[in-house]
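Beneath this line is the structure, given in structure tokens, with notes to follow.
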Amino acid sequence: MTAPLTTTAVPPAGPIFPKKSYLNDGTTIRSWLLTHDHKRIALLYLVGVLISLFLGGVFAMVIRLELLTPGPTIIEALTYNRMFTLHGLIMVFMFMIPSIPTIFGNFFLPIMLGAKDVAFPRWNLTSWYVYMAGSALMLWGLITGGADTGWTFYAPYSTTTTTNITPVLLGVFIIGFSSILTGLNFIVTIHTLRAPGVTWFKMPLFVWSLYATSVIQVLATPVLGLTTLLVSAEHTFGFGFFDPARGGDPILFQHLFWFYSHPAVYIMVLPSMGVISEVICAVARKNIFGYKMIAMSSLGIAFVGFFAWGHHLFTSGQSPFDAGAFGAISMLVGIFTAIKVFNWVGTLYKGAIVFNAIFAYICGFLFFLVFGGMTGIAVATVSLDVHWQDTYFVVAHFHFVMVGAVIMGFLAALHYWFPKMFGRKYPENWALLAAGLMILGFSATFIPQFLLGNAGMPRRYYEYPERFAALNVASTAGASLLAFAFIIIAIYLAIALKYGEVAGRNPWGSRGYEWDVPSPPPTENFDAVPVFTRGPHEYQDVPEDLAKVGHAI
Amino acid sequence: MQSSAARKMTAEGWLEPPPLPHHYDTIENHQSALRFGMWLFLGTEVLLFAGIFVGYFTFRHYFPEAFEQSARHLSVPLGTANTLLLLTSSLTVALAHYNAEHGRNRNAFWLLMASVVMGAGFLGIKAVEYTEKFHEGALPGRFFSFAEITAPGGPVFYVVYFFSTGLHALHVVVGMSLLIWVALRCWRKEFSPTYYAPVENSGLYWHLVDLVWIFLYPLLYLV
Numbered sequence: 002m003t004a005p006l007t008t009t010a011v012p013p014a015g016p017i018f019p020k021k022s023y024l025n026d027g028t029t030i031r032s033w034l035l036t037h038d039h040k041r042i043a044l045l046y047l048v049g050v051l052i053s054l055f056l057g058g059v060f061a062m063v064i065r066l067e068l069l070t071p072g073p074t075i076i077e078a079l080t081y082n083r084m085f086t087l088h089g090l091i092m093v094f095m096f097m098i099p100s101i102p103t104i105f106g107n108f109f110l111p112i113m114l115g116a117k118d119v120a121f122p123r124w125n126l127t128s129w130y131v132y133m134a135g136s137a138l139m140l141w142g143l144i145t146g147g148a149d150t151g152w153t154f155y156a157p158y159s160t161t162t163t164t165n166i167t168p169v170l171l172g173v174f175i176i177g178f179s180s181i182l183t184g185l186n187f188i189v190t191i192h193t194l195r196a197p198g199v200t201w202f203k204m205p206l207f208v209w210s211l212y213a214t215s216v217i218q219v220l221a222t223p224v225l226g227l228t229t230l231l232v233s234a235e236h237t238f239g240f241g242f243f244d245p246a247r248g249g250d251p252i253l254f255q256h257l258f259w260f261y262s263h264p265a266v267y268i269m270v271l272p273s274m275g276v277i278s279e280v281i282c283a284v285a286r287k288n289i290f291g292y293k294m295i296a297m298s299s300l301g302i303a304f305v306g307f308f309a310w311g312h313h314l315f316t317s318g319q320s321p322f323d324a325g326a327f328g329a330i331s332m333l334v335g336i337f338t339a340i341k342v343f344n345w346v347g348t349l350y351k352g353a354i355v356f357n358a359i360f361a362y363i364c365g366f367l368f369f370l371v372f373g374g375m376t377g378i379a380v381a382t383v384s385l386d387v388h389w390q391d392t393y394f395v396v397a398h399f400h401f402v403m404v405g406a407v408i409m410g411f412l413a414a415l416h417y418w419f420p421k422m423f424g425r426k427y428p429e430n431w432a433l434l435a436a437g438l439m440i441l442g443f444s445a446t447f448i449p450q451f452l453l454g455n456a457g458m459p460r461r462y463y464e465y466p467e468r469f470a471a472l473n474v475a476s477t478a479g480a481s482l483l484a485f486a487f488i489i490i491a492i493y494l495a496i497a498l499k500y501g502e503v504a505g506r507n508p509w510g511s512r513g514y515e516w517d518v519p520s521p522p523p524t525e526n527f528d529a530v531p532v533f534t535r536g537p538h539e540y541q542d543v544p545e546d547l548a549k550v551g552h553a554i
Numbered sequence: 500m501q502s503s504a505a506r507k508m509t510a511e512g513w514l515e516p517p518p519l520p521h522h523y524d525t526i527e528n529h530q531s532a533l534r535f536g537m538w539l540f541l542g543t544e545v546l547l548f549a550g551i552f553v554g555y556f557t558f559r560h561y562f563p564e565a566f567e568q569s570a571r572h573l574s575v576p577l578g579t580a581n582t583l584l585l586l587t588s589s590l591t592v593a594l595a596h597y598n599a600e601h602g603r604n605r606n607a608f609w610l611l612m613a614s615v616v617m618g619a620g621f622l623g624i625k626a627v628e629y630t631e632k633f634h635e636g637a638l639p640g641r642f643f644s645f646a647e648i649t650a651p652g653g654p655v656f657y658v659v660y661f662f663s664t665g666l667h668a669l670h671v672v673v674g675m676s677l678l679i680w681v682a683l684r685c686w687r688k689e690f691s692p693t694y695y696a697p698v699e700n701s702g703l704y705w706h707l708v709d710l711v712w713i714f715l716y717p718l719l720y721l722v
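First to last, the protein sequences are chains A and B.
The opening residue of the first sequence carries number 2 in this note's numbering; numbering runs sequentially from there.
The opening residue of the second sequence carries number 500 in this note's numbering; numbering runs sequentially from there.
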């Protein structure tokens, strides 16, 4: 960091790396695998989630390489079907849903509330093992069984396919348990472990977004669990629950599936919105604009998200009234999201903005969220969706929101909290370069897909006519750039982990509660129960004080 | 769980509560966190079963005759007996909770064991019913070969029947395991007016198992 960010006084000597922290409190493998410390569990999740991101990314590249030319390129048609199934399932269930809550949520939620740990540390560790076991089962099933249903498991194809899909479904079921445990733990933590002074409306906005996320995780996931159980029972025993030939109803499957899977996109994007609410104050050096509106709109999205699932069934024989109603409800999500966007932009307005990688990710986030959100309003309009249904337009739309916005939030969180988690800074210039490449690469990958979809290229097809070739080449080129940016980030963060400049307690001069503890934090977070005298986003008109905490240093 | 051997017996005749986890300030706070966590978990269970109920109503709407015919082939006496068993076991669980809360661990132990026995009785009757269905060929999906149900949709009814009662029976087994676990802890006199959340939570779970059956019973057997 060259540009001075801080409004607080810069300490005269360089910061010293704390001798004792959660990182070296026990160095054996056992001390990590049996830990109850929320920070160590966060790092365990970090490992699992990054492996998933890597795998999902590799499969995405295989798909893009295959689509480089109109005909067969590198793999066969069946392998291609398996690749997009692998990509979708890994990215949705093993990367995006756990990503921000289990890593940054686990690490920072207790600290932001002034607590020493989450409500149920043992269950927290259990949820990691459940996640790893479910992921392993799902991957094993995908690789040995060759499931080719796509991540949506649409019946009756999924219930009659000859591939061995049962382990995949059970894997999803088991990962669901981990998701429920995490959500349950967070809700109880927020209710019972807030330190004195941390009232509901003094909670950091990241906590609010995790609260909304957890509510969805707890309420929606069981329905997915039941659905996967039904599909696997049907596939194994030939029940006929979803099979019209036996009196079953495939549309019932779609209802049950999307009752979870639509709210699930808010499980992915709400934490990312929470991250942005945190980091935007730190880079703009300003109080958050419209704290209560941002907090409440998270709950609003969580609530409305439960009643929007029918927009996935516009072309499944739904009545025009139902379709219109679901379309209108879906648009309410746009209103709540817009409230957030206006407040973020209001926060930036007249701020003393620091142009760093985090700010670049905020810009990328706003662009992808707004663009993806606007196209979301478009596909929630029944008459338009009939044209775009099952085309690359839909693929581009949900990648903008679920991947663009989520990855931007994930990377912003990773860069913002890296110094706190590991006590060292990353090289800002490299980070800025990677962020630029990331945003460019992402746009180059998915903007052509909007055009392809609008021109009529269907999703999940192995081949395409010659006239789509140019845009597909552009998309593959963009994906390569994206992969390149990820490699740069992986390299400089790995180096910074060991050789980065020592960060000190608060390198950003942030006012968030988590910056009051040493970096990296001690195992107990706080020596005594902390008393926070300021709000978490107060940058102006407050005395330059730290919370009254007995600090470990 | 910390071993009870290390904990001292108080003058009132129960063990000291286990050491408070380091991140809670009071035992009340810890107890309420445990209780709140259980209520949330029960919420997830309700939604799990909600999916089944949605399936039930969907297919009842499609195949009203088959559902009516099939319901007449379920034994109302056996279903009623099971309902009585579960309701009574819920009562004994509630009494066990009351006794544990007042430190009367031995009473709680016997009441919990009575609930476990009634749970086992429920499963026994369920097994009798299942056996009968197997002999009749009143089975789900492609295994269906029950000639007495002439209306279309019979196989689907038995998917709903076996899936819902099967999932419920699984919950009965889990609930019985929980009750046995807390009963053993009652035997060791672990509970007291300050520490009884495990009894309460296991009891809540058992009440949920009961509650699900209270909805399944009329829907499957009576209407």
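Glycine included, every Cβ here is placed at the ideal spot set by N, Cα and C.
Query raised in the report: At a cut of 8 Å, does the segment 249 to 259 of chain A reach the segment 284 to 293 of chain A through at least three beta carbon pairs?
Result: In the pairwise beta carbon analysis, the segment 249 to 259 of chain A is classified as not touching the segment 284 to 293 of chain A: fewer than three pairs are separated by under 8 Å.
Query - Neighbour flag for B:N528 against chain A, beta carbons, 8 Å - result: Closer than 8 Å to some Cβ of chain A, the Cβ of B:N528 qualifies, so yes.
Query - Touching by the beta-carbon criterion (3+ pairs, under 8 Å), the segment 321 to 340 of chain A and the segment 374 to 389 of chain A - result: yes
Query raised in the report: Are B:W686 and B:F562 close, meaning C-beta to C-beta below 8 Å?
Result: no
Query - Counted within 10 angstroms of its Cβ, other Cβ atoms place A:L370 as buried (16 or more) or exposed - result: buried
Requested in this report: For the alpha helix (DSSP H) holding B:T630, just list the boundary residues, first then last.
Outcome: Note, B:T630: alpha helix (DSSP H), N604 to E635.
Query - Check whether A:V270 and A:I363 have beta carbons under 8 Å apart - result: no
Query raised in the report: Below 8 Å, can you find three or more Cβ-Cβ pairs linking the segment 397 to 404 of chain A to the segment 314 to 326 of chain A?
Result: no
Query raised in the report: What residues of chain A sit near B:D524, judged by a beta carbon separation below 8 Å?
Result: Neighbours of B:D524 on chain A, chain order: V530.
Query raised in the report: Between which two residues does the alpha helix (DSSP H) carrying A:A397 extend?
Result: Y393 to F399
Query raised in the report: A:P459 by DSSP, collapsed to three states: which one?
Result: strand
Report task. Leaving aside the five residues before and after B:F621 along the sequence, list all residues of the same chain whose C-beta is less than 7 Å from its C-beta, in chain order. Result -> N581, L584, L585 and V671
Query raised in the report: Are the C-beta of B:R641 and some C-beta of chain A separated by less than 8 Å?
Result: With 8 Å as the cut-off, B:R641 counts as an interface residue toward chain A.
Query raised in the report: Does B:H521 have its Cβ less than 8 Å from a Cβ in chain A?
Result: yes
Query raised in the report: Under a CB-based cut-off of 8 Å, is A:K117 close to chain B?
Result: yes
Query raised in the report: Which of helix, strand or coil does DSSP assign to A:V503?
Result: strand
Query - Where B:S691 falls: helix, strand or coil (DSSP) - result: strand
Requested in this report: List the residues of chain A whose Cβ lies closer than 7 Å to the Cβ of B:P654, in chain order.
Outcome: G241, R247 and G248
Query raised in the report: Quick one: Cα of A:K549 to Cα of B:S663, how far?
Result: Bear in mind that a pLDDT of 46 at A:K549, under 50, signals an unreliable position, so the model cannot answer this.
Query raised in the report: Do you know offhand how far B:G602's Cα is from A:A137's?
Result: 45 Å
Requested in this report: Verify the CB distance criterion: does B:T630 have a CB-CB separation below 8 Å to chain A?
Outcome: no
Query raised in the report: If we count the other Cβ atoms within 10 Å of its Cβ and call it buried at 16 or more, is B:F556 buried or exposed?
Result: exposed
Query raised in the report: At least one CB of chain B closer than 8 Å to the CB of A:H192: is that the case?
Result: yes
Query raised in the report: Is it true that the segment 113 to 129 of chain A meets the segment 179 to 196 of chain A, where meeting means three or more beta-carbon pairs spaced less than 8 Å apart?
Result: yes
Report task. Please confirm if B:P692 has its CB atom under 8 Å from at least one CB of chain A. Result -> Not one chain A Cβ lies under 8 Å of B:P692.
Report task. Determine the contact status of B:H699 and B:R534, defining contact as a CB-CB distance below 8 Å. Result -> Note that residue 699 of chain B is Glu in the sequence shown, not His. Yes. Within cutoff.
Requested in this report: Find the nearest neighbour of A:P522 within the set A:L415, A:K421, A:I490 and A:G27, judged by alpha-carbon distance.
Outcome: A:K421
Report task. Can you pull the chain D residues whose beta carbon is under 9 Å from the beta carbon of A:P99, in chain order? Result -> The structure shown contains no chain D; its protein chains are A and B.
Query raised in the report: Since B:L514 sits in a beta bridge, which residues does DSSP pair it with?
Result: B:M508
Query raised in the report: Within 10 angstroms of its Cβ, does B:Q501 collect 16 or more other Cβ (buried), or is it exposed?
Result: For B:Q501, the pLDDT reaches just 47, beneath the cut-off of 50, and the residue's location in the model is therefore unreliable, although a value from the coordinates is still provided. When all chains shown are included, B:Q501 counts as exposed.
Requested in this report: Determine whether the Cβ of B:L539 lies closer than 8 Å to any Cβ atom of chain A.
Outcome: So, interface residue.
Query raised in the report: Taking Cβ-Cβ distances below 7 Å as the criterion, which residues of the segment 156 to 190 of chain A are in contact with chain B?
Result: I181, L185, I188 and V189
**Report entry** Stretch pair the segment 207 to 226 of chain A + the segment 129 to 136 of chain A: three plus CB contacts closer than 8 Å
**Finding:** Touching, no, given that fewer than three Cβ pairs across the two stretches are closer than 8 Å.
Query - Residue-chain proximity (A:A553, chain B), Cβ-Cβ < 8 Å - result: For A:A553, the pLDDT reaches just 42, beneath the cut-off of 50, and the residue's location in the model is therefore unreliable, leaving the point undetermined.
Query - Residues of its chain near A:R65, where Cβ-Cβ distance is below 6 Å and the 5 sequence neighbours each way are ignored - result: The residues are T477 and A480.
Requested in this report: Identify whether B:V659 lies in helix, strand or coil by the three-state DSSP scheme.
Outcome: helix
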